[in-house]
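Okay, structure first, notes after.
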Amino acid sequence: MPAYHIGCSSYHYRHWRGRFYPEKLPMRRWFEFYSQHFGTLELPPIWALLLWPLGFRQVCGDV
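The sequence shown begins at 95 in our numbering and counts up one residue at a time.
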């Protein structure tokens with residue numbers, strides 16, 4: 095059976111506050127919260143270039 099990965103193209107949508115993110119959760123913790131509910135996040139190629147190599151390790155370490 096094929097595996098399906100559910101995620102979004104971003105996690106930083108302000109209109110998700112109160113709908114998905116708790117009202118009082120600081121934005122700096124949104125990625126951590128998102129990663130507890132979804133196993134996939136689409137990163138456009140420009141993000142890979144900006145995050146590679148040092149920042150990418152930090153982002154991965156946050157989850």
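Even for Gly, the Cβ is constructed at its ideal location relative to N, Cα and C.
Burial state of residue i, where buried means 16 or more other Cβ atoms lie within 10 Å
i	result
residue 98	exposed
Residue i - DSSP class collapsed to helix/strand/coil
i	result
residue 111	strand
One or two residues paired with residue i in a DSSP bridge
i	result
residue 133	None; residue 133 has no bridge partner.
Supposed contact pair residue j and residue i - C-beta distance, whole angstroms, cut 8 angstroms
i	j	result
residue 101	residue 132	5 angstroms
Any non-hydrogen atom of the ligand SAH within 6 angstroms of residue i CB
i	result
residue 107	The ligand SAH is not part of the structure shown, which contains no ligands of any sort.
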